[in-house]
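Engineer: Structure incoming, see below.
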Amino acid sequence: MNRNVLIAIAGLIAVVLALSIWSSRQDTEVASSDKYKVGFIYIGPPGDHGWNYQHDVGRKAVEEAYGDKVETVFQENVPESADAERVMSQMALAGTDMIFATSFGYMDPVINVAKKFPGVKFEHATGYKTADNVSTYSARFYEGRSVVGHVAGKMTRTNIVGYVASFPIPEVVRGINSAYLAAKKANPYVKFKIIWIFTWYDPAKEADAAKTLISQGADVVLQHVDSSAIMSVAEEKGVYAFGQASDMSAFGPNAHLTAIINGWAPYYVEKVKQGMEGTWKGNQQVFDGIGAGMVIIGDLNDNIPDSVKKEAMAIKDGIASGTLHPFTGPINKQDGSPWLKNGETADVGTLLGMNFYVEGIEGDIPK
Amino acid sequence: MIQLIPRENVSPVLSLLGPLFSIGFTMLIGGILFYFLGVDPFAAIKMIFWDPLMSETFSTYSIPQIFIKGAPLILIALGLSVGFKANIWNIGAEGQYIMGAIFGASFALSLYPLESAFIFPLMVFIGIAGGCLWSLIPAILKIRFNVNEILVSLMLVYVAEQILALASLGFLRNPDGAGFPGSRNLSQYPSASNSELILGTGIHLGVVLSLFMIVFFYILFFRHSLGFKIKLLGSSPKAYSFSGQNPNKLIFICLTLSGGLAGLAGIMEVAGPAGQINIDFNVGYGFTAIIVAFLGRLNPIGILFAGLVMALTYVGGELTQFMLNLPAAAIQLFQGMLLFFLLSFDLFVYYKIRLRGN
Numbered sequence: 150m151n152r153n154v155l156i157a158i159a160g161l162i163a164v165v166l167a168l169s170i171w172s173s174r175q176d177t178e179v180a181s182s183d184k185y186k187v188g189f190i191y192i193g194p195p196g197d198h199g200w201n202y203q204h205d206v207g208r209k210a211v212e213e214a215y216g217d218k219v220e221t222v223f224q225e226n227v228p229e230s231a232d233a234e235r236v237m238s239q240m241a242l243a244g245t246d247m248i249f250a251t252s253f254g255y256m257d258p259v260i261n262v263a264k265k266f267p268g269v270k271f272e273h274a275t276g277y278k279t280a281d282n283v284s285t286y287s288a289r290f291y292e293g294r295s296v297v298g299h300v301a302g303k304m305t306r307t308n309i310v311g312y313v314a315s316f317p318i319p320e321v322v323r324g325i326n327s328a329y330l331a332a333k334k335a336n337p338y339v340k341f342k343i344i345w346i347f348t349w350y351d352p353a354k355e356a357d358a359a360k361t362l363i364s365q366g367a368d369v370v371l372q373h374v375d376s377s378a379i380m381s382v383a384e385e386k387g388v389y390a391f392g393q394a395s396d397m398s399a400f401g402p403n404a405h406l407t408a409i410i411n412g413w414a415p416y417y418v419e420k421v422k423q424g425m426e427g428t429w430k431g432n433q434q435v436f437d438g439i440g441a442g443m444v445i446i447g448d449l450n451d452n453i454p455d456s457v458k459k460e461a462m463a464i465k466d467g468i469a470s471g472t473l474h475p476f477t478g479p480i481n482k483q484d485g486s487p488w489l490k491n492g493e494t495a496d497v498g499t500l501l502g503m504n505f506y507v508e509g510i511e512g513d514i515p516k
Numbered sequence: 046m047i048q049l050i051p052r053e054n055v056s057p058v059l060s061l062l063g064p065l066f067s068i069g070f071t072m073l074i075g076g077i078l079f080y081f082l083g084v085d086p087f088a089a090i091k092m093i094f095w096d097p098l099m100s101e102t103f104s105t106y107s108i109p110q111i112f113i114k115g116a117p118l119i120l121i122a123l124g125l126s127v128g129f130k131a132n133i134w135n136i137g138a139e140g141q142y143i144m145g146a147i148f149g150a151s152f153a154l155s156l157y158p159l160e161s162a163f164i165f166p167l168m169v170f171i172g173i174a175g176g177c178l179w180s181l182i183p184a185i186l187k188i189r190f191n192v193n194e195i196l197v198s199l200m201l202v203y204v205a206e207q208i209l210a211l212a213s214l215g216f217l218r219n220p221d222g223a224g225f226p227g228s229r230n231l232s233q234y235p236s237a238s239n240s241e242l243i244l245g246t247g248i249h250l251g252v253v254l255s256l257f258m259i260v261f262f263y264i265l266f267f268r269h270s271l272g273f274k275i276k277l278l279g280s281s282p283k284a285y286s287f288s289g290q291n292p293n294k295l296i297f298i299c300l301t302l303s304g305g306l307a308g309l310a311g312i313m314e315v316a317g318p319a320g321q322i323n324i325d326f327n328v329g330y331g332f333t334a335i336i337v338a339f340l341g342r343l344n345p346i347g348i349l350f351a352g353l354v355m356a357l358t359y360v361g362g363e364l365t366q367f368m369l370n371l372p373a374a375a376i377q378l379f380q381g382m383l384l385f386f387l388l389s390f391d392l393f394v395y396y397k398i399r400l401r402g403n
């Protein structure tokens, strides 16, 4: 072995030693004080200006509401797999009192981790499994879709509305149906073109889908995916789009007609309060909409004629007060079989498991 | 002008030091990066490499987790190392991993809710076969038509991902799942569940098999003629052909072996920690294993350590995220640096650098 190698080894050992001595002096503070510790796990980056961004807005609202009394932590880009289980377990070990798991696929991991840590409270978004220390919450986004669908039906000149959809799950199918019913009511000639891209967040795929829809004649594009890419494409191509999950007008000042905004903040603030006061309960399933402020309709663009604005607001107010239900019969399923009788409204069970299109929508739900 | 001259005698000490140097350098540069992100670099590096192993709060949970996270990486990397030694580049282990999981899970779920002791072993076998089949495609194309196996195996990852989506939304979708994508949870099907072997740790059969395979591959590489043939094909394909051997046979063996191990990792994961076939089932083990294989110097013992170090950066990296607010991308960058520095050091290990005036 030559001398250079020896020097290199000695140098490396010295560096490693120095590092470990340095680092062992700093003790990681884990068991932290009397602060109420709240953890959040996100499926993507909070910088997506969509789904995760709004959850993070909720997290910040919790910090603002309780200041020094709470400490919030979050983890981004957590895959819906065994990794989610590990992340939540580590959070629980780190002394977290309440964990908000903000994506559907965390459902089984939440149930597993909740079993191991009965003292930790879990809030799972959009799932359907609960336990003594697990409650779920979801928003009636389809109410927002109804308002947006009306605006889309009125604003389209080509009578073709594009729809970029993520996964064929009840949540997304419900949104398509709700938007279509409202659009059809506003404009009997309207047709929906739907592209499924099988991802929640992929700006390049989202933009490609929007471009395809526009090239097929769509002049209004709805989306049920998370990024702002579609808004940017719409602005560039001179068509209309709607903000998803948060206000995206910054990405398309002319294209952005309005937005369906996810209002998690009041819910998070309330649940953390219950946790701190000891009144929090498991086995709850919250499904709130415009009325409770969990779904918010953004500002309406000045491009929208006043009459349409008024109609949209009337739909919003009607849904909020409970006088109007987006799924009110008569409605047939796509195959023509009757679903809702005249005046009948959809029950929650059918809505939560919705796996069919309503009459008039073309194409099939991918299987 | 700078000239690179291959070293005639590569120092074995230097070649072992490469991985250590790259870890050291990654710590150093990573630390600087963390500093500029406003995080105490010493605290962050300690949390990645030290806390999962030594902290009282986390270690009892984290240490078995490192083995669980490392098991698929080690299994896949072992298989890849065979091919890489022979200059056969299977880049599509991710796809073979997915197909192994789909094949095995489809078999088990087709028998649900039948309970039998035969289901688990057959499921594992079919999972391995699924991975093999997927890697047979590049193998046959390479042997028959001399098609580049790098491209074919890589492209097949995307095909496998589409089949995964199809399975989760269609033929494997849980009929009791309220219309949501994803199969039944195999952990709730006792005959097919890859359950934990040591209560409370999550250690499953895949972890045990990964350690067993290290021994197997060690013997294969250093005590068996196949190991020699692989090395020979890798270092001199012409000499290999002149010696009367058929390189096609070895291409076939290398690709199916790596595919089979990826398939094994897939079925172990889907029946164990992951639990179900879902659209996001694959999280990149097949690609990360490439780093592990090289970090481990394509040596079974090296791969064991490399797999565990890589798993440590995942587990520790997660801690830094929610304890210190480091962004996820910084941790990925940190892992990427490992391979980058390793390759850089290799340059100095395998080449002499001569400055020449011109």
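Heads up: the sequence lines are chains A and B, in that order.
When you read off a place in the first sequence, starting at 1, and then add 149, the result is the number in this note's numbering.
When you read off a place in the second sequence, starting at 1, and then add 45, the result is the number in this note's numbering.
For each residue, glycine too, the CB sits at the ideal point set by N, CA and C.
So, is A/A463 buried or exposed, given that buried needs 16 or more other C-beta atoms within 10 angstroms?
Structural biologist: By the neighbour-count criterion, in which 16 or more other beta carbons inside 10 Å mark a residue as buried, A/A463 falls on the exposed side.
Engineer: Work out the CA separation of B/L65 and A/S364 for me, nearest whole Å.
Structural biologist: Using only the alpha carbons, I get a separation of about 54 Å.
Engineer: How far does the beta strand (DSSP E) with A/N411 in it reach, from first residue to last?
Structural biologist: H405 to N411
Engineer: Leaving out the 5 sequence neighbours to the left and right, which residues in its chain are closer than 6 Å to B/F45 when beta-carbon positions are compared?
Structural biologist: For residue 45 of chain B there is no data in the structure shown, the boundaries of chain B being 46 and 403.
Engineer: Strictly below 8 Å CB to CB, what residues from chain B border A/K516?
Structural biologist: L214 and G215
Engineer: Of the residues that make up the stretch 225-236 of chain A, which ones have a beta carbon closer than 8 Å to any beta carbon in chain B?
Structural biologist: E225, N226, P228, E229, S230, A231, D232, E234, R235 and V236
Engineer: What does the Cβ neighbour count give for A/P487, buried or exposed, with the cut at 16 atoms within 10 Å?
Structural biologist: exposed
Engineer: Assign B/F386 to buried or exposed, taking buried as 16 or more other Cβ atoms, counted over all protein chains shown, within 10 Å of its Cβ.
Structural biologist: B/F386 is buried by the Cβ-count criterion.
Engineer: Should B/K130 be labelled buried (16 or more other beta-carbon atoms within 10 Å of its own) or exposed?
Structural biologist: buried
Engineer: Have a look at B/E101, B/C177 and B/I164 and flag the residue whose alpha-carbon is nearest the alpha-carbon of B/A138.
Structural biologist: Selected option, being the one with the closest Cα: B/C177.
Engineer: From the DSSP output, read off the bridge partner residues of A/M397.
Structural biologist: Beta-bridge pairing links A/M397 to no other residue.
Engineer: Under a three-way DSSP split, which group does B/L388 fall into?
Structural biologist: helix
Engineer: Measure from the C-beta of B/E410 to each C-beta in chain A and report whether the shortest distance is under 8 Å.
Structural biologist: The shown model of chain B, from 46 to 403, leaves out residue 410 of chain B, and the question about it has no answer.
Engineer: Going by DSSP, what residue range makes up the beta strand (DSSP E) through A/D437?
Structural biologist: Q434 to D437
Engineer: What residue range is occupied by the uninterrupted beta strand (DSSP E) comprising A/I248?
Structural biologist: Membership of A/I248 in the beta strand (DSSP E) is indicated by the continuous run M247 to A250.
Engineer: With DSSP run on the structure shown, which of helix, strand or coil describes A/F189?
Structural biologist: Strand.
Engineer: Could you give the distance in angstroms between the alpha-carbon of A/G324 and the alpha-carbon of A/L473?
Structural biologist: 16 Å
Engineer: Could you say which of B/M368, B/V252 and B/S232 lies nearest to B/K114 if we only look at CA atoms?
Structural biologist: B/V252
Engineer: Considering only their Cβ atoms, is the gap separating B/V315 from B/S60 smaller than 8 Å?
Structural biologist: For B/S60 and B/V315, no; Cβs fall outside 8 Å.
Engineer: Quick check on DSSP: helix, strand or coil for A/H299?
Structural biologist: When secondary structure is reduced to three states using DSSP, A/H299 falls in the helix class.
Engineer: Determine, using beta carbons only, whether B/L231 and B/Q321 come nearer to each other than 8 Å.
Structural biologist: yes
Engineer: Of all the residues that make up the stretch 160-193 of chain B, which are near chain A by a beta-carbon distance shorter than 8 Å?
Structural biologist: Taking 8 Å as the cut-off between beta carbons, none of the residues of the stretch 160-193 of chain B comes near chain A.
Engineer: Could you name the residues of the stretch 300-324 of chain B whose beta carbon sits closer than 9 Å to any beta carbon of chain A, in the order they occur along the chain?
Structural biologist: Cβ contacts with chain A come from E314, G317, P318, A319, G320, Q321, N323 and I324.
Engineer: Over the uninterrupted alpha helix (DSSP H) stretch that includes B/W179, give me the two end residues.
Structural biologist: Counted as a single uninterrupted DSSP element, the alpha helix (DSSP H) harbouring B/W179 occupies residues I164 to F190.
Engineer: Please return the same chain residues whose Cβ sits closer than 7 Å to the Cβ of A/V418, not counting the five positions on each side in sequence.
Structural biologist: A210, V211 and A214
Engineer: In whole angstroms, what is the alpha-carbon distance linking A/E178 and A/F223?
Structural biologist: Any reading at A/E178 needs caution, since the residue's pLDDT is 45, under 50, leaving its predicted position unreliable; the model's value is listed next. Cα to Cα, A/E178 sits roughly 17 Å from A/F223.
Engineer: So, B/I275 versus B/I346, is the Cβ gap smaller than 8 Å?
Structural biologist: no
Engineer: Pull up the distance between the alpha-carbon of A/G440 and that of B/I108, whole angstroms please.
Structural biologist: 48 Å
Engineer: Can a CB atom of chain A be found closer than 8 Å to the CB of B/A373?
Structural biologist: When Cβ-Cβ separations below 8 Å define contact, B/A373 makes contact with chain A.
Engineer: Could you give the first and the last residue of the continuous beta strand (DSSP E) run that contains A/T487?
Structural biologist: The residue you asked about is not Thr; residue 487 of chain A is Pro in the sequence shown. Segment P487 to L489, the beta strand (DSSP E) holding A/P487.
Engineer: Thinking A/I379 and A/A356 are a contact (beta carbons under 8 Å), I'd like their distance in whole angstroms, please.
Structural biologist: Distance from A/I379 to A/A356 at the Cβ level is roughly 7 Å; contact confirmed, criterion being Cβ atoms closer than 8 Å.
Engineer: Does the CB of A/I325 have a neighbour CB from chain B at under 8 Å?
Structural biologist: Taking 8 Å as the threshold, the shortest C-beta distance from A/I325 to chain B does not fall below it.
Engineer: Since A/E272 is in the beta strand (DSSP E), which residue starts that stretch and which ends it?
Structural biologist: K270 to A274
Engineer: Kindly indicate which residue of B/L209, B/Q366, B/N135 and B/K283 has the alpha-carbon position closest to the one of B/L181.
Structural biologist: B/N135
Engineer: Any beta carbon from chain B within less than 8 Å of A/D257's own beta carbon?
Structural biologist: So, interface residue.
Engineer: Please state whether the Cβ-Cβ distance between A/L371 and A/F391 is less than 8 Å.
Structural biologist: yes
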